[in-house]
Every structure is written in structure tokens, then in C-alpha cells.
Ligand SMILES: Cc1cc2nc3c(=O)[nH]c(=O)nc-3n(C[C@H](O)[C@H](O)[C@H](O)COP(=O)(O)OP(=O)(O)OC[C@H]3O[C@@H](n4cnc5c(N)ncnc54)[C@H](O)[C@@H]3O)c2cc1C
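In our numbering, the protein residues as written are 23 to 575.
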């Protein structure tokens, strides 16, 4: 940073901590627009962060399932520039005689033909289907008032839900101190216990009464029983022609998305190749363990690698590592109150049990044709209270190229945990056994059809909005007071960011560097801006049109 407070376009050696979407987008943008010298430090041996793709014996695991969709045109165009959208059918389209799917928000470019059967780097356009598995039956996600729902729940449960809702309406509303109060005020006790409580508690590992109501307000705005009923009635009427582009629709309801042919990590490998071509360095197995300060200026980064610890001097440092680690790495430079808040931040950890099977025991109703008649879902929310698995990915349906043998089914069983808890502290072997037991118990697979399994852990997958989160502004003020250190990304800012938000933070910062102006509040505003939070009429209608259970992506 220059002495007048502006950022210089020649920032000397720029050190980026983390080769996930935020760090790589920053490096890519800076290298393409300035002459800066950029080094990206990555603690693991792969690019992509949580958005990486891990290959196990030719089968690919996507941690959580990453839809490539953004309401921001710049991000959509950026992805398409790196990987062209398919212009020819994918393997499963060919098998089923399906035409190539299209998205208004991501048109294919006829000047860049991309054939997934022939070309390596291709963005597929996929249709989303994700249902809820409960009472060993499928429910629409989000839950809607349909004949299927009524038949699946049964009359007794439906009546209980109805009475509990009417009772809630007749009583004065609860004071909303927690997410539990938030749900009950909108849906009644019975519906809350049926569809909201268990899944939310599986995701966050704490009772809903300990989670702040604001989280519900942010995730399921515009949703109510009245809206669900209105939707059920609208469904019976002739449908008007759809005029909305997906940009106007709640992100959780997007029905089509882009997906790299070989999973999300493929995008970040393409970006990493570009960075190297532009002269940037990406160093693997190099973890930032300390930061050296001269007053409010960072002068270097202590990096630990296989060869020991060394100091890398830096003129500008961009951090995407967890905020808690950043504060710890800053040692004495951090005031005690800031340190205490950083230590109090909470995370939720995540692991996937990858299971390869010959076929599913689950019966597909055949309404949507699929290869080998497997269920059509990309992922399934598991609401069953007798198992600990939270979600089930069917990787074949994300991209047929994620699976080595197209006559097998490649599943990802997703569990939420806390580092050190009874789940996390089990060995990989024990976790794999748990996954297989639960898969068989739920009737999804029969034991004879299991071919292989593996376990993949993702610590700090979710930054939590509890713990010391309500005092995060103090931490933010300290960071904003540093001259040449910026935080971007999901754990980097401790925000529930998707890839696009992480990328937009990076792009906004590079815009500021290039323009020579600095506005840190614009960085923090990404993902809290009007576009994401306003309850537009269309958004409310779209959300209301579905009704439903809360899920974390
Ligand atoms: C279950 C799940 C589902 C998701 N689904 C979607 C989706 O559908 N669509 C979507 O767009 N997004 C989705 N996301 C979000 C997406 O994964 C993240 O937004 C994105 O990966 C964040 O990028 P990032 O660069 O900020 O952080 P990360 O991906 O966390 O990358 C940070 C990198 O920094 C490295 N690092 C950390 N500490 C250090 C250190 N001390 N020194 C050096 N390197 C370090 C890490 O190894 C990592 O590679 C999902 C996330 C989860 C958990």
C-alpha cells in the first residue's frame, strides 16, 4: 500500500494463502491485470480447497456436491471462459436419447464447440433433482403439499400436523429467541419435528434452540404454511408461461446448473494451469504457520513444509485460511480481546464415505428415465432419525464421467461432525463400516452389491454462525486496521460463502488494486448485498412455490 493510503498496482511480492476458489481467482485476476509477482501457498497437495475433486480408483468424489451457479453474470462468464459449455450430448444423454440441456444464464458458444465425449474440459449443463428420504419414502424437496406427500405421511400424521399448525395460529406467537421458535411460529410443532428439527441438528450438531433465529430468516425467507397452501392451489390451475430467468429464483431452488465434466476440482486445475502459464507460483504442502509484523504492516509469512519452516517476505498478503488460524498465526500482534473472539469461532466438519455398488436396492418409479434405472436424484436429504448420515450423493447423476465403470453406482454418504467428537475420532475403517451399515439399514443398497468404499474428511467445511460469531465485528475491525493484509473467501472471512461469493471477494479486491482505491467494506458486503438478501417479489414467490425443509448446501 502506498503512503497516501491507496493501493499500488505494483505491489511487489504478493503471497496468497490457500489454493481454493478464492485464492486462485485472486491470483488469476491479479496476474492477468498487473505485473505483480504472485505465490500461492497451499497446505495440502491439491488445488480447489473444499471445491476439489478427489479421485479414488478412477471414481471421483465431490465434497458436498458443487453446483456451478451464480446470480452474478461476471462469475458465470468467468467460469465459461475457462471451460466452454457443452455443445454435444454427454454419455448419459446419448444413452437415453436426451437432447443437450440448456440454461438461459449460461448459453453455449457455437464458436467454442465442446463435446464431453471427446474434449477434456467441458462444462456440462445438468438438471437438479434432490428429494428427501424419510419413513423409507421419497418426499419432494422442499416439501410441498402434494398427493404424494399426503400418501407418504399418512392421514394420522397429516391431521396431527394440521391441528398443531392451527393451535400455533390460535396462540400468541413465541418470542423468537432461537431457530426452534422461528420454525414453530411458522409451521407448528408437529411439522417442525417432522421435517426441520432432525436434519438441521444433524447439520449443525447443536439443538435448534441454541441456533440464532436470524439463520432461519436468512435461509428460508418467504416461506410459510400459507405459501405452501397457495402453491398447492396454484398447482391445480393452468400454469402461466415461465418468464423468469434463474437469476430471479432462490439459489436453493435453481433447477439447472453447470458442472465441470470431471467435478469441481477440474475447474480449479484449469485455473491453476493458467496461473502457472502467467508466471505465478503454486507451492503445495506449504502451510502458513505465522505472520511477521512491523506495527500494522505484515512483512512476511512463516511457512512450514516438508523441508522445515522458512520465512517468505511479502509486500501484500491475501489470506483464505480460517480466520481462527490467521489470528493464532499473528501471535503477539493480536490484541487479547480479538484473540479470544477468534478462539471462540466454531466450525462444523464433514466427511464423505464413498461407496461403489453394483446397483441400488431403491426402486425408481421411472417417471424420469435414467441410465440403468437408478434414482434420478443428484443428492438425497436423509431425514431418517435412526441413522447419522445427513445426505447421499449419487455422483453418476452429477456427471457420468465421475464414475469409472458406467455399470456401477458411485455414492457419497455425507456426515456432519465436530473434530474430536465420537464420529470424527473413529478410524476411517470404522466410519466406512458405519456408512455401509446405514446404507443397508435404510434399504438403499443390499450388502451383496457393495464393491468398494473409502473415506474422505473435510475439516472446517462450515463456518458456524454461533460461538463467538456475534462479536466478529471486533475481529473484522482489527483486520481492517492492518495495512497490507486482506482476508477473502469462506473460512477466510468466516462467512457462509459459496464459490461465487468467494470469487467475487477476490475479484472485488483485484478491481480495487487495479483502480488504486481501497474500500474494505465492499469486500465484506459480498454475499450480504441487496441482491442476495432482498426479498424480491419473484424470490418470495419462488420460495413460497415450494415450501420446505431447511438444508445447508
Ligand atoms: C457440503 C458443501 C457443499 C457445497 N456446495 C456448494 C455448491 O453447490 N456450489 C458452490 O458454489 N459452493 C458450494 N460450497 C461452498 C464451496 O465449497 C466454498 O465456497 C469454496 O470452496 C470456498 O472457497 P475458498 O477458497 O474461500 O476456501 P476453501 O475452499 O476452504 O480453500 C481454502 C484453501 O486454503 C488452504 N489452507 C488453509 N489453511 C492454510 C494455511 N495455513 N496455509 C496454506 N494453505 C491453507 C486449504 O487447504 C484450502 O485449499 C459447498 C461447501 C460445502 C461444505
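Positions of the beta carbon are idealized from the N, C-alpha and C atoms, including for glycine.
The C-beta of residue 348 has 16 or more other C-beta atoms within 10 Å across all chains shown, which makes the residue buried.
Bounds of any beta strand (DSSP E) do not take in residue 73, whose DSSP letter is neither H nor E.
Distance from the CA of residue 391 to the CA of residue 88, rounded to the nearest whole angstrom, comes to 23 Å. For residue 435, the beta-bridge partners assigned by DSSP are 375 and 414. In this chain, the beta strand (DSSP E) harbouring residue 35 covers 35-39. Using a Cβ-Cβ distance cut-off of 8 Å, the stretch 508-519 and the stretch 471-491 are in contact, since at least three pairs of beta carbons, one from each stretch, lie closer than that value. In this chain, the beta strand (DSSP E) harbouring residue 62 covers 59-64. The C-beta of residue 189 has fewer than 16 other C-beta atoms within 10 Å across all chains shown, which makes the residue exposed. Between residue 433 and residue 456, the CB-CB gap reaches or exceeds 8 Å. Distance from the CA atom of residue 118 to the CA atom of residue 329, rounded to whole angstroms, is 53 Å. With fewer than 16 neighbouring CB atoms inside 10 Å of its own CB, residue 193 falls in the exposed class. Cβ neighbours of residue 72 within its own chain (closer than 8 Å, five residues either side excluded): 42, 85, 86, 480, 483 and 512.
Annotation: the stretch 440-506 contains the following complete segments of the alpha helix (DSSP H) (minimum length 4 residues), in chain order: 450-463 and 494-502. For the pair of segments examined, the stretch 449-465 was found to touch the stretch 370-388: the number of CB pairs separated by less than 8 Å reaches three. Restricting attention to alpha helix (DSSP H) runs no shorter than 4 residues, the stretch 501-550 encloses them at 512-515, 521-537 and 542-547, ordered along the chain.
For residue 297, the enclosing alpha helix (DSSP H) stretches over residues 286-299. Using a C-beta cut-off of 8 Å, the stretch 535-547 makes no contact with the stretch 59-71, since fewer than three inter-stretch Cβ pairs fall below that distance. Between the beta-carbon of residue 283 and that of residue 423 there is about 5 Å, and that keeps the pair under the 8 Å contact cut. Non-local beta-carbon contacts of residue 492 in its own chain, meaning distances under 7 Å to residues more than five positions away in sequence, are absent. With a threshold of 16 other beta carbon atoms within 10 Å, residue 185 falls short and is exposed.
With 16 or more other CB atoms across the displayed protein chains lying within 10 angstroms of its CB, residue 341 is buried. Remark: the C-beta of residue 43 is in contact range of ligand 1, defined as less than 7 Å to any heavy atom.
DSSP places residue 150 in the coil class of the three-state scheme, outside both helix and strand. In the three-state reduction of the DSSP assignment, residue 381 falls in the coil class, being assigned neither a helical nor a strand state. The way I'd put it, the stretch 493-501 doesn't touch the stretch 377-390; fewer than three beta-carbon pairs between them come closer than 8 Å. Selection 535, 536, 526 and 534 evaluated against residue 94 yields 526 as nearest (Cα-Cα).
Residue burial annotation: residue 300 is exposed, with fewer than 16 other C-beta atoms found within 10 angstroms of its C-beta. A direct Cα-Cα distance of roughly 10 Å separates residue 79 from residue 378. Between ligand 1 and the CB of residue 346, the shortest heavy atom gap is not smaller than 7 Å.
In the DSSP assignment, residue 314 falls within the unbroken beta strand (DSSP E) covering 309-316. Annotated as proximal: residue 431 and residue 381, with beta-carbon spacing under 8 Å.
Its Cα nearest to that of residue 100, the residue 290 stands out among 355, 290, 219 and 216. Comparing C-alpha distances from residue 47 to each of 160, 225, 302 and 82 shows the shortest one belongs to 302. At a cut-off of 7 Å, the beta-carbon of residue 73 counts as near ligand 1: some heavy atom of the ligand is closer than that. Looking at the DSSP output, residue 159 sits in a beta bridge with 156. Taking 8 Å as the upper bound for CB-CB distance, residue 318 and residue 505 are in contact here, some 5 Å apart.
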